[in-house]
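Student: Just passing along the structure, written as structure tokens.
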């Protein structure tokens, strides 16, 4: 996979073999756009990254994530979409998973634009004229910014630094999974609903949470949040997490304390339809 990351922070750096090229930006909440284009056989991600929020959280509770010893930044990635579980996931993150150095990255996956709305109806993107295409894309960008603004406002109210990442892809789960090794994501929070618990128990689920829990690498600590509470895979009728079944040792807990919840869940969020 070929990766090009362009970040608006006024500097240039390389992380995990990936180059970051930067130019100055403005504003508090940043916007990072990732466009996934097919290459044969490689994929290309292009990111335009926004300025981080200036304020820091002063007082915070215990983080339920394992500590990343020696990791440069205490970053947390939260998958967000149109459903209410996204709000619950971010609210949980701001309450339980931030420290003074935390930067919360809001990851939103939106579908590839294939048709353009015109006075004559929807046309394939290739048949629309440049003005129609630009007008349609501007409208879609406006909708995404409006959607993400409420999440940025939540972070601002909690005095937590935040950026947004926009990923253009029709495969939401795969897009987030592909992002994990690219950005070395260690902490990922996903909101979920209760409606497909049976599928997750039998490991037949195809929702976003199912894909992430079953396929995320070991170094990525995936937290699933349902109705404002963290859900432990081990609590669902004794069904162990597929990622942790080979490791019998308990996960480290900060100060030996970790909240336990018995709510069941499945993911109904982050569907690839934007409109």
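Residue numbers (the working numbering): 706 to 980.
Glycine is no exception: its CB is placed at the ideal position from the N, C-alpha and C atoms.
1. Grouping DSSP H, G and I as helix and E and B as strand, with all else coil, what is residue 840?
2. Quick check: the Cα distance between residue 789 and residue 827, rounded to an integer number of angstroms?
3. Could you say which of 920, 899 and 921 lies nearest to residue 930 if we only look at CA atoms?
4. Over the uninterrupted alpha helix (DSSP H) stretch that includes residue 920, give me the two end residues.
5. I want to know whether the region 884-898 touches the region 844-857 - three or more CB-CB distances under 8 angstroms.
6. On the three-state DSSP scale, how would you describe residue 817?
7. Using 10 angstroms around the beta-carbon of residue 843, count the other beta-carbons present and answer buried if the total reaches 16, otherwise exposed.
8. Across the region 916-936 and the region 781-799, are there enough close Cβ pairs to call them in contact, namely three or more that are closer than 8 angstroms?
9. Determine whether the beta carbon atoms of residue 870 and residue 811 lie at a separation below 8 angstroms.
10. Going by beta-carbon coordinates alone, are residue 933 and residue 797 separated by less than 8 angstroms?
11. Grouping DSSP H, G and I as helix and E and B as strand, with all else coil, what is residue 847?
12. Whole angstroms is fine: what's the gap from residue 886's alpha carbon to residue 815's?
13. Kindly indicate which three-state DSSP category residue 833 falls into: helix, strand or coil?
14. How is residue 871 classed by DSSP in three states: helix, strand or coil?
15. In the DSSP assignment, what residue or residues form a beta bridge with residue 823?
16. What are the residues that DSSP puts in a beta bridge with residue 929?
17. For the candidate residues 925, 865, 821 and 937, whose alpha-carbon lies nearest to that of residue 795?
18. Excluding the 5 residues preceding and the 5 following residue 833 in the sequence, name in chain order all residues of the same chain whose CB lies nearer than 6 angstroms to its CB.
19. Figure out for me which residue from 779, 807 and 884 has the closest Cα to the Cα of residue 921.
20. Assuming residue 796 is part of the alpha helix (DSSP H), what are its boundary residues?
21. Assuming residue 936 and residue 860 are in contact, meaning their beta carbons sit under 8 angstroms apart, how far apart are those beta carbons, in whole angstroms?
22. Would you say residue 830 and residue 838 are within 8 angstroms of each other, going by their C-beta atoms?
23. Take residue 803 as the anchor and find which of 825, 851 and 863 has the nearest alpha-carbon.
24. For residue 779, which of 823, 792, 793 and 799 has the nearest alpha-carbon?
25. When you compare only the Cα positions, how much space is there between residue 825 and residue 880?
26. Of all the options 835, 823, 836 and 818, which has the alpha carbon lying nearest to the alpha carbon of residue 845?
Tutor: The structure says:
1. Judged by DSSP in its simplified three-state form, residue 840 adopts helix.
2. Spanning the two alpha carbons is a distance of roughly 29 angstroms.
3. Minimum Cα distance to residue 930 is reached at 899.
4. Bounds of the alpha helix (DSSP H) holding residue 920 are 913-920.
5. With a cut-off of 8 angstroms, the region 844-857 and the region 884-898 do not count as touching, because too few Cβ pairs lie within range.
6. The answer is coil: DSSP assigns residue 817 none of H, G, I, E or B.
7. By the C-beta density criterion, residue 843 is exposed, having fewer than 16 other C-beta atoms within 10 angstroms.
8. With a cut-off of 8 angstroms, the region 781-799 and the region 916-936 count as touching, because enough Cβ pairs lie within range.
9. Yes, Cβ-Cβ distance for residue 870 and residue 811 is below 8 angstroms.
10. It is a contact, given that the beta carbons lie within the stated cut-off.
11. Reduced to three states, the DSSP call for residue 847 is helix.
12. Straight-line measurement puts the Cα of residue 815 at about 20 angstroms from the Cα of residue 886.
13. The answer is coil: DSSP assigns residue 833 none of H, G, I, E or B.
14. Strand at residue 871.
15. Among the bridge pairs identified by DSSP, residue 823 is matched with 826.
16. DSSP output for residue 929 lists 895 and 936 as bridge partner(s).
17. In terms of CA proximity to residue 795, 865 leads the group 925, 865, 821 and 937.
18. In its chain, beyond the 5 residues on either side, 821 have a beta carbon closer than 6 angstroms to the beta carbon of residue 833.
19. Of the candidates 779, 807 and 884, 884 places its Cα closest to the Cα of residue 921.
20. Its alpha helix (DSSP H) spans residues 789-801.
21. About 23 angstroms separates the two Cβ atoms, so there is no contact after all.
22. Yes, these two residues count as a Cβ contact at 8 angstroms.
23. Taking only the C-alpha atoms, the option nearest residue 803 is 863.
24. Ranking the options by Cα distance to residue 779, first place goes to 799.
25. Counting only the Cα atoms, residue 880 lies some 33 angstroms from residue 825.
26. When only C-alpha atoms are compared, the closest one is 818.
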